[in-house]
Amino acid sequence: MKVLVVDDETMICEWLQFCISQNPSCQLTGIAHNGLEALEMIQKEEPDLILTDIKMPVMDGLELLHTLRSRNSQVKVVMLTAFSDFDLVRQALRDGAAEYLLKTEMQNDLLQELLNRTAGELQLSLGKDDGDIASLSQVQSVIGRILRQKKELGDEELEKLRQCNIRWRNSGLFALAVWKQNILNSGLTFPKESQARHVTGFDYTDRIYMIIGNFPRTLSEAEKARQLTAYARQVQQMNDCMVGVSTITDEMRRMPYMVWQAACSLGEGFYKKEKRLYEPRYPLGELLHKNQIWKNMCGEFRVRLHQTQGAQRYEVIKEFLENADSQRILAIEPLCRLCMDAFDLLEFESKENGMTLEDGDALRMQLQQCISLEETAGIILSVARQCSPAATQQTPKSKNICLAVEYINAHYREQISLEQAAAQVYLNPEYFSRAFKAEVGQTFVNYLTDVRLKASVRLLENTALRVQDIAQQVGYYNASYFSTTFKKKYGMSPYEYRRKGN
Numbered sequence: 004m005k006v007l008v009v010d011d012e013t014m015i016c017e018w019l020q021f022c023i024s025q026n027p028s029c030q031l032t033g034i035a036h037n038g039l040e041a042l043e044m045i046q047k048e049e050p051d052l053i054l055t056d057i058k059m060p061v062m063d064g065l066e067l068l069h070t071l072r073s074r075n076s077q078v079k080v081v082m083l084t085a086f087s088d089f090d091l092v093r094q095a096l097r098d099g100a101a102e103y104l105l106k107t108e109m110q111n112d113l114l115q116e117l118l119n120r121t122a123g124e125l126q127l128s129l130g131k132d133d134g135d136i137a138s139l140s141q142v143q144s145v146i147g148r149i150l151r152q153k154k155e156l157g158d159e160e161l162e163k164l165r166q167c168n169i170r171w172r173n174s175g176l177f178a179l180a181v182w183k184q185n186i187l188n189s190g191l192t193f194p195k196e197s198q199a200r201h202v203t204g205f206d207y208t209d210r211i212y213m214i215i216g217n218f219p220r221t222l223s224e225a226e227k228a229r230q231l232t233a234y235a236r237q238v239q240q241m242n243d244c245m246v247g248v249s250t251i252t253d254e255m256r257r258m259p260y261m262v263w264q265a266a267c268s269l270g271e272g273f274y275k276k277e278k279r280l281y282e283p284r285y286p287l288g289e290l291l292h293k294n295q296i297w298k299n300m301c302g303e304f305r306v307r308l309h310q311t312q313g314a315q316r317y318e319v320i321k322e323f324l325e326n327a328d329s330q331r332i333l334a335i336e337p338l339c340r341l342c343m344d345a346f347d348l349l350e351f352e353s354k355e356n357g358m359t360l361e362d363g364d365a366l367r368m369q370l371q372q373c374i375s376l377e378e379t380a381g382i383i384l385s386v387a388r389q390c391s392p393a394a395t396q397q398t399p400k401s402k403n404i405c406l407a408v409e410y411i412n413a414h415y416r417e418q419i420s421l422e423q424a425a426a427q428v429y430l431n432p433e434y435f436s437r438a439f440k441a442e443v444g445q446t447f448v449n450y451l452t453d454v455r456l457k458a459s460v461r462l463l464e465n466t467a468l469r470v471q472d473i474a475q476q477v478g479y480y481n482a483s484y485f486s487t488t489f490k491k492k493y494g495m496s497p498y499e500y501r502r503k504g505n
């Protein structure tokens, strides 16, 4: 799917470019900084999706939308806005925009959901031939998008699954999960003599491949359960890999639960590292309850991760990984994403403090491919040890730098610069920059950012002020930039932080 970004804010464009690059179904065809530039690119590149700001110079997003619709263009347009002026949003929706996103609430997972949903809809519309979806990749994309949702399916979603030309039956449906790393070279082999029927397979996550199957109606429930265990064990032995299995359902609506349950069963292998069959550890209801506990644990860790530094951060990471082991967080993908976030934070801060992470690219790749807690912990703790000396804040010793710190603490609400701070303490800006970092342990910009964000946390926790107002009170006149900076430090948007505290 071709995506065009239209926004006059460079930072927003860079962030969107990064998010789009993470989605294998998307291709960024260009970045325009106003509607007029966009029209030229649209004519040349013919994008499938346009992400555009509402307010821009030369030609704004509304005028761009009007021009496209006057040309009978069917390209999907999503409006981006950092403003609370919902009159503009409503006008855009009336004029044919598909939906809108507030910049201050944009998150990578929400954007990925939008991209996947749009790609799936596009594949359905382009891939149909007499009511059927043509290619296997399209089928797998549609099935994967629908079955990853972790909720009962509606009639529209069931119909889309039926359009995939697969003989779905409401009888003896089950899911098997395997690590993709185990099947990259030779694929999977299935037993030939079995009443289980392999219906389809798809990439469930970056690490997990999912297989869907079912049994005939003629078998009793007990016999289906017995045969499922035997079938899954044969798959495990024939392929010499870990296999996680779900329970059985006779309702296609509940297949997302079976898929997730199989992934969680495989999650046991993340801790035990034994190549064997892993059956469900908990009934589905209890598993859903556990998942809420795991989400809370991950949320708390994310906050602590961004609030600590140096040796203290290392201990926070170590404690979380130990808790993950003892509590058995079986939702592995969120856990691994959290470890990747920790890696990114450590690497980013080490660069900010003049350090180069040794073998950073190789370690990143290894972490992305880990299928055991032991491997994951070994890498992330090693990185945390390397980076911990760089993040330790120091107490300034010289009078000039002490006065500079006091000046920042008193004037952080204003648009102060390094040059202004240097002038306040009668130092050359270049010398001041070096001295400040040497004595405080952070650059001037990083220290100012920390002061502002800590002040914003106090306002979020103790007032009912709007996020836009808080941004201005702590020195950010662009609410979108404030939200992005806040999330980089605390791992969540200001809105999420406030909701978490309520």
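Residue numbers (the numbering used here): 4 to 505.
No residue lacks a Cβ here, since even glycine has one placed at the ideal position from N, Cα and C.
For residue i and residue j, I'd like the C-alpha separation in whole angstroms.
i, j, result
"ASN75", "LEU96", "16 angstroms"
"PHE177", "LEU105", "39 angstroms"
"GLU464", "TYR103", "28 angstroms"
"MET4", "ASP51", "6 angstroms"
"GLU277", "GLU271", "9 angstroms"
"PHE205", "ILE146", "7 angstroms"
"LEU338", "CYS301", "7 angstroms"
"MET59", "LYS492", "28 angstroms"
"VAL454", "ILE404", "16 angstroms"
"LYS153", "TYR260", "6 angstroms"
"ALA233", "GLU196", "11 angstroms"
"VAL81", "ALA100", "6 angstroms"
"VAL9", "GLU499", "26 angstroms"
"LEU118", "THR70", "24 angstroms"
"ASN173", "ARG151", "19 angstroms"
"ARG72", "ASP56", "17 angstroms"
"THR32", "THR13", "16 angstroms"
"ALA394", "GLU352", "Residue placement at ALA394 is flagged as unreliable, the pLDDT there being 45, under the threshold of 50; the coordinate-derived value follows with that caveat. Spanning the two alpha carbons is a distance of roughly 7 angstroms."
"LEU290", "ILE335", "13 angstroms"
"THR121", "GLN166", "17 angstroms"
"ALA438", "HIS309", "26 angstroms"
Based on Cα-Cα distance, which residue from the options lies nearest to residue i?
i, options, result
"VAL319", "VAL306, MET213, PRO219", "VAL306"
"SER28", "LEU42, ARG148, MET59, CYS342", "ARG148"
"LYS298", "ALA365, LEU269, LEU333, THR488", "LEU333"
"GLN264", "CYS22, ARG284, MET245", "ARG284"
"ALA180", "PRO219, LEU462, CYS244", "CYS244"
"TYR281", "LEU231, SER496, ASP328, GLU336", "LEU231"
"ALA327", "PHE273, ASN111, ARG279, PHE351", "PHE273"
"LYS490", "ASP362, SER375, PHE439, ASP344", "ASP344"
"MET368", "ILE383, ALA438, LYS354", "ILE383"
"MET416", "GLU116, LEU287, LEU462", "A small fix is needed here, since residue 416 is Arg in this sequence, not Met. When only C-alpha atoms are compared, the closest one is LEU462."
"CYS16", "PRO497, THR487, ARG502, ARG501", "THR487"
"LEU65", "ALA482, ASP90, PRO219, TYR450", "ASP90"
What does residue i pair with, by DSSP beta-bridge criteria?
i, result
"VAL246", "LEU280"
"THR252", "LEU176"
"ILE34", "VAL8"
"VAL181", "TYR212"
"ASN217", "ARG200"
"TYR103", "MET82"
Does the Cβ of residue i have 16 or more other Cβ atoms within 10 Å, making it buried, or fewer, making it exposed?
i, result
"GLN315", "exposed"
"ASN217", "buried"
"GLU377", "exposed"
"GLY247", "buried"
"ASP209", "exposed"
"ASN37", "buried"
"GLN239", "buried"
"GLY494", "buried"
"VAL142", "buried"
"THR221", "exposed"
"GLU43", "exposed"
"GLY478", "buried"
"ASP63", "buried"
"THR192", "exposed"
"ASP135", "Only weak support is given to the placement of ASP135: the predicted model assigns it a pLDDT of 41, under 50, and the value that follows is read from those uncertain coordinates. ASP135 comes out exposed."
"LYS402", "exposed"
"GLN77", "exposed"
"ALA426", "exposed"
"LEU68", "buried"
"THR466", "exposed"
"LEU370", "buried"
At the 8 angstroms Cβ level, is residue i part of the contact set with chain C, yes or no?
i, result
"GLY175", "In the structure shown, chain C does not exist; there is a single protein chain."
Thinking residue i and residue j are a contact (beta carbons under 8 angstroms), I'd like their distance in whole angstroms, please.
i, j, result
"LEU54", "VAL6", "7 angstroms"
"LEU164", "ARG256", "That pair is no contact at about 10 angstroms."
"LEU360", "GLU350", "5 angstroms"
"ASN111", "ASN185", "That belief does not hold up - the Cβ atoms of ASN111 and ASN185 are roughly 28 angstroms apart, past 8 angstroms."
"GLU442", "PRO432", "Going by Cβ atoms, the distance from GLU442 to PRO432 rounds to 16 angstroms, so no, they are not a contact pair."
Any heavy atom of the ligand FAD closer than 7 angstroms to the beta-carbon of residue i?
i, result
"LEU384", "As presented, the structure is devoid of all ligands, the ligand FAD included, so that no description of it is given."
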